[in-house]
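Peer 1: Numbering (the working numbering), first residue to last: 1 to 119.
Here it is, the structure in full.
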């Protein structure tokens, strides 16, 4: 785009140069003005590009942080589920042991009652 603008500047100056009634100071001033405008526009375009690029990079960093946080939460939930399943398994074993102990106590009591009745 800059080359097209520079070419138009040269074309305009060549068109004016063909005329016999040319104010050469006006032409050179017009050329330098156009050249400065093109350079300033290029710099502004570059700065806008860098600004947008930095915004995109910041957004990508934010998304990356959110993904890491989600992964951390998912890992904590997985650990919690494993812990809860382990607790459930342990409590089930305790219930089974208590039932076995209760059965043993009942059998021992029945044996005591049977001995008492035998005597």
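All C-beta atoms in this analysis are idealised placements derived from N, C-alpha and C, irrespective of residue type, glycine included.
Given residue 68, which residues of its chain have a CB within under 8 Å of its CB, disregarding the five upstream and five downstream residues?
Peer 2: There are no such residues.
Peer 1: Quick one: Cα of residue 116 to Cα of residue 103, how far?
Peer 2: C-alpha separation (whole angstroms): 20 Å.
Peer 1: In whole angstroms, what separates the C-alpha of residue 118 from that of residue 111?
Peer 2: Taking the straight line joining both Cα atoms gives about 10 Å.
Peer 1: Quick one: Cα of residue 79 to Cα of residue 71, how far?
Peer 2: Near 12 Å, if we compare the C-alpha coordinates of residue 71 and residue 79.
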